[in-house]
Amino acid sequence: MFDLDRFIADLRATLSERSRQPMREVVARAISDPAALIRGIGAPDKAGVQVLYKSPELTVLNLLWAPRQITLPHDHRMSAVIGMYEGREDNMFWRRVPGASKFQIEAAGGQALGTGDVAILGPDIVHSVVNPLGKISAAIHVYDGNFLEIERSMWNAETLVEEPLDIKAVVQGMSVQERDHRKSATA
Ligand SMILES: [Fe+2]
Numbered sequence: 000m001f002d003l004d005r006f007i008a009d010l011r012a013t014l015s016e017r018s019r020q021p022m023r024e025v026v027a028r029a030i031s032d033p034a035a036l037i038r039g040i041g042a043p044d045k046a047g048v049q050v051l052y053k054s055p056e057l058t059v060l061n062l063l064w065a066p067r068q069i070t071l072p073h074d075h076r077m078s079a080v081i082g083m084y085e086g087r088e089d090n091m092f093w094r095r096v097p098g099a100s101k102f103q104i105e106a107a108g109g110q111a112l113g114t115g116d117v118a119i120l121g122p123d124i125v126h127s128v129v130n131p132l133g134k135i136s137a138a139i140h141v142y143d144g145n146f147l148e149i150e151r152s153m154w155n156a157e158t159l160v161e162e163p164l165d166i167k168a169v170v171q172g173m174s175v176q177e178r179d180h181r182k183s184a185t186a
């Protein structure tokens, strides 16, 4: 049985830790039983960003990637824990190029995530994400700050020039939905 209020409380309890490993373990536990998680937060049947919780210290999103969706490269400026509970997510990591004559960022590696995988992304990470599947992929994304409201950057797809983040441009076609987690927890 997945209890969203309990999940949020368990995540909050890890915020004072220096490491994000305890937060990772809470997310790993939540996605270890996708069927129970889906009973708690709803089935991933429509692409979008569902805000499960937000506060100045913690943001919890249910990311439902549309089939073949891609994001622009973007930063977070806080740590993130990503737990996949359905489908796949390919992460491409980028690094800044000091004094760049052409592109301001360059590819620096990647990580394929599948159902059951949990990744910690450090606060300096710049990444872009692909859902390589022809169906929705779903992941819980946890950030240790006010993720939806701080100033962040994205990088233009054609020029790779850093620009102020526009969430609609980063995740094209996805709406960000506030969600009353008390209702969804009992739905
Ligand atoms: Fe991201």
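Going by numbering that gives the first Met the number 0, the first residue of the sequence shown is number 0, and it counts up by one from there. Just so you know, even glycine gets a beta-carbon here, dropped at the ideal spot from N, CA and C.
| said: Applying the 10 Å Cβ sphere with the 16-neighbour rule, what's the burial state of Asp2? | reply: By the 10 Å Cβ count, Asp2 comes out exposed.
| According to DSSP, which residues form a beta bridge with Tyr52? | In the DSSP output, where bridge partners are listed per residue, Tyr52 has Val59.
| said: Please report the straight-line C-alpha distance between Ile7 and Arg87, rounded to a whole angstrom. | reply: C-alpha separation (whole angstroms): 24 angstroms.
| message | Spatial neighbours of Gly109 within its chain, please: C-beta separation below 8 angstroms, excluding the five flanking residues on both sides. | response | The residues are Asp89, Asn90, Met91, Phe92.
| What is the residue span of the beta strand (DSSP E) that Ser116 lies within? | As written in the sequence, residue 116 is Asp, which differs from the Ser given in the question. It is not in any beta strand (DSSP E) - Asp116 carries neither H nor E in the DSSP assignment.
| field | Residues near ligand 1, criterion Cβ-heavy atom distance below 6 angstroms | value | Here the list is His73, His75, His126.
| message | Helix, strand or coil, according to DSSP, for Ser136 in the structure here? | response | Correct three-state label for Ser136: strand.
| said: Determine whether the beta carbon atoms of Pro66 and Ile135 lie at a separation below 9 angstroms. | reply: Their beta carbons are under 9 angstroms apart, which means Pro66 touches Ile135 by this criterion.
| query | Do Leu120 and Ala79 have their C-beta atoms within less than 9 angstroms of each other? | reply | Yes, Cβ-Cβ distance for Leu120 and Ala79 is below 9 angstroms.
| task | State the start and end residues of the unbroken alpha helix (DSSP H) segment that holds Ala34. | result | Residues 33-40.
| request: Report the option in Ala46, Met0, Val50 whose CA atom is closest to the CA atom of Arg38. | output: Of Ala46, Met0, Val50, the residue nearest in Cα terms is Met0.
| Would you call the segment 19-36 and the segment 122-135 in contact, with 3 or more CB pairs under 8 angstroms? | No, the segment 19-36 is not in contact with the segment 122-135.
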